[in-house]
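In what follows, a structure is listed as structure tokens, so that the remarks can point back to it.
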Amino acid sequence: MNNESGGKILSNRRYGKVLLGMFLVGIMMCFFYKDASAFGNLLKSSETSVYAGTIVNLRDFVDDTYIFDNYGENYSRKEDKQLLSYQFNIANRDEECAALDSDGNLTTKKPGTVIVDIKFSYKNNLSIVPFTVNIMEPEKLNVSYGNTSSIEAASIYDKDNYTFISDKDSVSVNDTGDVTVQGFKSSTIYAKGRKGEKIAVADISVNTPSSVEDVVVRAVGTEPYTPEINDYTSLSDDVPVKWLSDDENVVKVTDGQLEAEGIGNTNVSAVITAKNGDVEKVEVPVTVTNPIMAKSKMVVAVGGKKALALNGTCANSAVKWKKSSSKKVSFTDDGKIFATKKGSDKITFSVDGKEISCNVKVTNPSLKYTNLITYKGGSRKIAVNGTVDGSSMSFTSKNASMAAVTATGVIKAKKTGHVKVVANVDGKNITANVEIASAKAYNAAKKEIAISKTKTRYSQARRMSAHYYDCSSIVWRTYKRYGVNFGVNSSWAPTAASMGYWCQKNNKVIYRTGVSSSKLLPGDIIFYSYQRNGRYKNISHVEMYVGNGKSVSASSSHNKVIHYAYKNRSVVMIARPTK
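Heads up: the sequence shown runs through residues 1061 to 1639, numbered per our numbering.
Take a look at the structure:
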């Protein structure tokens, strides 16, 4: 046997002995060790929470009943040295947070968590139970002057062994842990033990008093007023708050109240003397206004909103609703008047504390036409009904590049297409839809509407005679007046199918199916197919869209030219001859 082999054998033997030893120790531990559940509970609780600086006697958390059950009736506290021992848990040995002596006295030093193993050993009974001590930072409290709050430490430190004290007279504290702010300086609350230990349990920050309003605004001559102060409640026997004004020509102080004397800006100050003698000064900016109605009467539309026409106010002026004589007018959340019923009303409101009344006339305006037709380069005036003397109007185009509108409501068309123009009449928005065609298409549509109002007859045989039309001849004869002949220069109108073919060849088609009238313009021509007839796209009928959702058609069933609602069914093509 060589030396290397011999070394391996010796190593293996040693390893085997170690394993055997560990096995025997395990057997012994199983024989001797019994956990707390075998005898009851060694500890009354598994953890406690205290503030840094507290001395915790861990023996106080051991259950005497457990020791009696295991030691016997002859047990006395003098046996504790032999029965109980204390040591930091191997997984938590933060000695910077706390120090531990052999009697189980744990002196806490700084916030953190420590775990102590409490061991009971008697004869063949062994119980080791971990006990957790949570070391807390002082509680943080924000308290306003004159208010009382309770500290958590009152539930941890009993009043028989500890008293609470404050390091400053700005905060008082009683035996039950109720702190009352009576000054303006922050303070620390301590729990003072019988052994002289002084434990910081709460830091009290005193909220600084301030004005509720960023700026106080009052009207000249209004009732005396006292601004509200945040974070301040007076205590019994407190010195009354003293108010001072930087400019008594603007604001005068009388008996602790502010009187608005003259228009302008100034600062007033509240000098607060605390119960302990601390003094705090709260400055409040003040603006004095003189609000009046710009007009003696207002006009507003049913469903409309209008801002009050006021002079003599400022950016921070406040309007408050009071009443309406006939319930036709109310206030909105943003301070505007809102009308619900036509007629007359009288409203009362206050501005910066000054009461003002105003007569209101409620109108119910409307547009004479909500759908308007015009042409590129043309103009059209919006007609408004239902206004009264004093009514206000303004106009806005939703697409100024397509159509502009003047202050008097005249629409000036710039491009073909659809545009909405909004008329604001007495605070109510009313929308007009405007269709803008080319001049030729506009005139063609206008002409067909005029024809529909005359005495006409439907006839294919006499389709070119005066007062006689079929579907294609009325479109061709009308458009021919304005230079569009659909490729036919003779005196005989082409068929609807021929007109459709010409539109296709000359790039005049804009849709190949029926669409909403909102996509059409006056002068557009619509081709229909009702059956297969062998013609181009089986076109069997044509008519002109003339605006406002209507068409003009030479109708065989009516035996005349009719002006009726546009239909988008059975449509095979729509063209714009002037595009």
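Even for Gly, the Cβ is constructed at its ideal location relative to N, Cα and C.
CA nearest to the CA of residue i, picked from the options
i: Ser1498; options: Gly1543, Arg1517 and Thr1491; result: Gly1543
i: Ser1617; options: His1601, Ser1630, Val1606 and Tyr1217; result: His1601
i: Ile1216; options: Val1203, Thr1236, Ser1204 and Leu1304; result: Thr1236
i: Asn1194; options: Val1116, Phe1546 and Glu1508; result: Val1116
i: Gly1372; options: Asp1412, Lys1335, Val1339 and Asp1393; result: Asp1412
i: Lys1183; options: Leu1143, Lys1480 and Gly1164; result: Leu1143
i: Lys1388; options: Lys1365, Val1344 and Phe1128; result: Lys1365
i: Lys1441; options: Val1301, Met1524, Ala1464 and Trp1562; result: Ala1464
i: Tyr1561; options: Thr1408, Phe1546 and Phe1180; result: Phe1546
i: Asn1267; options: Val1275, Thr1293 and Glu1257; result: Thr1293
i: Asp1486; options: Lys1396, Thr1466 and His1478; result: Lys1396
i: Val1342; options: Pro1287, Asp1297 and Asn1376; result: Pro1287
i: Thr1168; options: Glu1308, Glu1155 and Thr1555; result: Glu1155
i: Val1328; options: Gly1594, Asp1307 and Asp1338; result: Asp1307
i: Leu1580; options: Ser1181, Asn1234 and Asn1493; result: Asn1493
i: Ser1296; options: Tyr1205, Gly1594, Pro1190 and Cys1531; result: Tyr1205
i: Ala1443; options: Thr1466, Ser1461, Asn1459 and Phe1180; result: Thr1466
Nonlocal neighbours in the same chain, by C-beta distance under 7 Å from residue i, ignoring five residues either side
i: Val1261; result: Tyr1111, Pro1198, Glu1199, Ile1211, Ala1213, Ile1249, Tyr1250 and Ala1251
i: Arg1537; result: Ala1553
i: Ser1589; result: Lys1597, Asn1598, Ile1599, Ser1600, Ser1630 and Val1632
i: Ser1512; result: Val1612, Val1621, Ile1622 and His1623
i: Asn1221; result: Gly1253 and Arg1254
i: Asn1101; result: Asp1123 and Tyr1126
DSSP beta-bridge partners of residue i
i: Tyr1596; result: Answer is none; Tyr1596 lacks a bridge partner.
i: Asp1263; result: Lys1200 and Thr1248
i: Arg1278; result: Val1348
i: Met1633; result: Phe1587
i: Trp1381; result: Phe1409
i: Asn1545; result: Bridge partners of Asn1545: none, in fact.
i: Thr1491; result: Val1482
i: Cys1418; result: Ile1407
i: Asn1234; result: According to DSSP, Asn1234 bridges with nothing at all.
i: Ser1187; result: Phe1180
i: Val1606; result: None; Val1606 has no bridge partner.
i: His1007; result: It is not possible to answer for residue 1007, since the shown part of the chain is limited to 1061 through 1639.
i: Asn1445; result: Ser1426
Spatial distance of residue i from residue j (CA atoms)
i: Asn1130; j: Thr1240; result: 50 Å
i: Val1422; j: Ile1509; result: 38 Å
i: Met1358; j: Leu1201; result: 54 Å
i: Met1524; j: Arg1517; result: 11 Å
i: Thr1314; j: Val1360; result: 42 Å
i: Gly1067; j: Asn1152; result: Confidence at Gly1067 is low in this model, with a pLDDT of 42, below 50, so its placement is unreliable and the value that follows should be read with caution. About 41 Å.
i: Ser1576; j: Ser1439; result: 25 Å
i: Pro1637; j: Thr1573; result: 17 Å
i: Gly1243; j: Val1344; result: 21 Å
i: Val1606; j: Val1481; result: 20 Å
i: Ile1087; j: Arg1137; result: Confidence in Ile1087 is poor, its pLDDT being 40 and thus under 50, which makes the residue's placement too unreliable to answer from.
i: Val1176; j: Glu1107; result: 10 Å
i: Cys1157; j: Ser1270; result: 41 Å
i: Leu1186; j: Gly1256; result: 37 Å
i: Thr1114; j: Ile1259; result: 6 Å
i: Thr1282; j: Val1275; result: 17 Å
Sequence-distant residues of the same chain with beta carbon closer than 6 Å to residue i, five excluded per side
i: Ser1386; result: Asp1405
i: Lys1228; result: Lys1245 and Ser1247
i: Gly1076; result: Caution applies to Gly1076, whose pLDDT of 45 falls short of 50 and renders its modelled position unreliable; the value that the coordinates give is listed next. Contacts found: none.
i: Lys1402; result: Val1362, Val1422 and Asn1424
i: Arg1522; result: Tyr1528
i: Ala1504; result: Thr1538, Tyr1539, Tyr1542 and Gly1583
i: Thr1408; result: Lys1382, Lys1383 and Ser1417
i: Asn1419; result: Lys1357 and Lys1406
i: Thr1491; result: Lys1480 and Val1482
The alpha helix (DSSP H) enclosing residue i, as first and last residue numbers
i: Met1559; result: Ala1556 to Lys1565
i: Ser1512; result: Ala1499 to Ser1512
i: Asn1130; result: Asp1124 to Tyr1131
Host beta strand (DSSP E) of residue i (start-end)
i: Ser1533; result: First-last for Ser1533: Cys1531 to Lys1540, but that is the alpha helix (DSSP H), not the beta strand (DSSP E).
i: Leu1144; result: Leu1144 to Phe1148
i: Thr1168; result: Asn1165 to Thr1168
i: Asp1307; result: No beta strand (DSSP E) holds Asp1307; DSSP gives it neither H nor E.
i: Arg1119; result: From DSSP, Arg1119 is part of no beta strand (DSSP E); its letter is neither H nor E.
i: Ala1460; result: Per DSSP, Ala1460 belongs to no beta strand (DSSP E) and is neither H nor E.
i: Glu1139; result: Element bounds for Glu1139: n/a, residue is neither H nor E.
i: Ile1433; result: Asn1431 to Tyr1435
i: Ala1625; result: Lys1620 to Ala1625
i: Asn1152; result: It is not in any beta strand (DSSP E) - Asn1152 carries neither H nor E in the DSSP assignment.
i: Gln1317; result: Gln1317 to Ala1320
Cutoff 7 Å: residue i Cβ touching any chain C Cβ
i: Ser1525; result: Of the protein chains in this structure there is only one, and it is not chain C.
Beta-carbon contacts of residue i that lie in its chain and below 8 Å, excluding the five residues immediately before and after
i: Lys1436; result: Ala1473, Lys1474, Lys1475, Thr1476, Ile1496, Ala1497, Ser1498 and Ala1499
i: Ser1451; result: Val1359, Thr1423, Pro1425, Val1485 and Asp1486
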